[in-house]
Amino acid sequence: MDIQKFDCEGLLLIKPDVFSDERGHFLETFSNAKYAALGMPESFVQDNESFSHRLVLRGLHFQVPPHAQGKLIRVVRGSIFDVAVDIRKNSPTFGKWISVVLSDENKYQFWIPAGFAHGFLSLEESTVINYKCTSLYHSASERTLLWNDPALQIAWPEKPQIVSSKDEKGELFADFNSPF
Numbered sequence: 140m141d142i143q144k145f146d147c148e149g150l151l152l153i154k155p156d157v158f159s160d161e162r163g164h165f166l167e168t169f170s171n172a173k174y175a176a177l178g179m180p181e182s183f184v185q186d187n188e189s190f191s192h193r194l195v196l197r198g199l200h201f202q203v204p205p206h207a208q209g210k211l212i213r214v215v216r217g218s219i220f221d222v223a224v225d226i227r228k229n230s231p232t233f234g235k236w237i238s239v240v241l242s243d244e245n246k247y248q249f250w251i252p253a254g255f256a257h258g259f260l261s262l263e264e265s266t267v268i269n270y271k272c273t274s275l276y277h278s279a280s281e282r283t284l285l286w287n288d289p290a291l292q293i294a295w296p297e298k299p300q301i302v303s304s305k306d307e308k309g310e311l312f313a314d315f316n317s318p319f
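Numbering-wise, our numbering comes out as the position in the sequence shown, counting from 1, plus 139.
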């Protein structure tokens, strides 16, 4: 397993060891001991799956404390441009975003701890992502930052074709009072 760290402290790109032969391949997608050694929680409480058509954009989502979520993201089919925005008000990288491409080919995983907003753009038809969460979904704690906020200047690689009405009405970063 190879790990890439970023300027935004806490974010990790995990490049798992993949064992391939004439039968196909095998990889370990999670191990409590190994991932805890990287600073991740030793338990996740909810697994989610998301199916998206090409150029669907979801985000930028997060939950406020005490229901804040860390997420371990991986793509099962297709590919995504995955984004995490640092929303920790005392962080030196507050307002900065990091992007990675996750795909069924590279098999990378993206660890996004609580204190980040998360969003992604599906780059292929029928993209499926799985993600583990450190806290249960709590609708009253869910918040959305505007995915195309000019203050954030996220460089999405293509123009989204489908964005939910909720995500189109996300809060502007300039008006955002971070609870983190």
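Cβ atoms here follow ideal geometry from the backbone N, Cα and C, with glycine treated the same way. None of the values given here were measured: they were computed from a predicted structure.
### Message
So the candidates are S274, F233 and P299; which of them puts its Cα closest to the Cα of G209?
### Response
The residue labelled residue 209 in the question sits at position 70 within the sequence shown. S274 is the residue among S274, F233 and P299 whose C-alpha sits nearest the C-alpha of G209.
### Message
On a Cα-Cα basis, can you pick out the residue from Q292, G258, I212 and M140 that is closest to L177?
### Response
For this step, residue 177 is matched to residue 38 along the sequence shown. Selected option, being the one with the closest Cα: M140.
#### Entry: Runs of beta strand (DSSP E) lying entirely within the stretch 166-218, each at least 3 residues, in chain order
Complete beta strand (DSSP E) runs here, min 3: 185-191, 195-202 and 210-216.
### Query
Applying the criterion that 16 or more other CB atoms from any shown protein chain within 10 Å of the CB defines a buried residue, is V201 buried or exposed?
As a working note, residue 201 is residue 62 in the sequence shown. Checking the sequence, you will find Phe at residue 201 rather than Val. The residue is buried, with at least 16 neighbouring Cβ atoms inside 10 Å.
### Task
For D160, name the three-state secondary structure that DSSP assigns.
Taking the sequence shown and counting its residues from 1, one reaches residue 160 at position 21. The DSSP-derived three-state label of D160 is strand.
#### Entry: Buried versus exposed, by CB contacts within 10 Å (16 or more), F190
Against the sequence shown, residue 190 aligns to sequence position 51. Under this definition F190 is an exposed residue.
### Query
How many angstroms separate the CA atom of Q185 from the CA atom of I142?
Numbered from 1 along the sequence shown, position 46 holds the residue referred to as residue 185. Numbered from 1 along the sequence shown, position 3 holds the residue referred to as residue 142. Their backbone Cα atoms lie some 24 angstroms apart in a straight line.
### Query
Are R227 and F315 touching if we call contact CB-CB under 7 angstroms?
On the sequence shown, position 88 is the one that residue 227 refers to. On the sequence shown, position 176 is the one that residue 315 refers to. In this structure, F315 does not lie closer than 7 angstroms to R227 by Cβ.
### S238: first and last residue of the uninterrupted beta strand (DSSP E) it sits in
Position 99 of the sequence shown holds residue 238. Following the DSSP letters along the chain, one finds S238 inside the beta strand (DSSP E) bounded by residues W236 to S242.
### Message
Does K298 pass the burial test, meaning 16 or more other C-beta atoms within 10 Å, or should it be called exposed?
### Response
Counting from one through the sequence shown, the residue named residue 298 turns up at place 159. By the C-beta density criterion, K298 is exposed, having fewer than 16 other C-beta atoms within 10 angstroms.
### Limits of the alpha helix (DSSP H) - the one that K271 falls within
Sequence index remark: in the sequence shown, residue 271 carries index 132 (1-based). Element bounds for K271: not the alpha helix (DSSP H) but the beta strand (DSSP E), T266 to C272.
### Query
Do you know how far the Cα of G309 is from the Cα of G234?
As a first step, residue 234 must be located in the sequence shown, where it is residue number 95. As a first step, residue 309 must be located in the sequence shown, where it is residue number 170. G234 and G309: Cα-Cα distance of roughly 15 angstroms.
#### Entry: Range of the contiguous beta strand (DSSP E) that encloses D141
For the purposes of this step, residue 141 is taken as the residue at position 2 of the sequence shown. That run of the beta strand (DSSP E) goes D141 to K144.
### Query
At a Cβ threshold of 7 angstroms, is I251 touching chain C?
This model lacks chain C altogether, as it is built from one protein chain only.
### Query
Whose C-alpha, out of V214, F259 and S242, is nearest the C-alpha of V224?
Taking the first residue of the sequence shown as position 1, residue 224 is located at position 85. With distances taken between Cα atoms, V224 lies closest to F259.
### 6 angstroms Cβ shell around I237 - same chain, five flanking residues per side excluded
Start at 1 with the first residue of the sequence shown, and residue 237 comes out as number 98. Cβ contact annotation for I237 (same chain, cutoff 6 angstroms, sequence separation greater than five): F145, C147, L150 and A223, in chain order.
### Message
For A207, which residues in the same chain have their Cβ closer than 6 angstroms to its Cβ, ignoring the five residues on either side in sequence?
### Response
The residue you call residue 207 lines up with position 68 of the sequence shown. These residues qualify, in order along the chain: A253.
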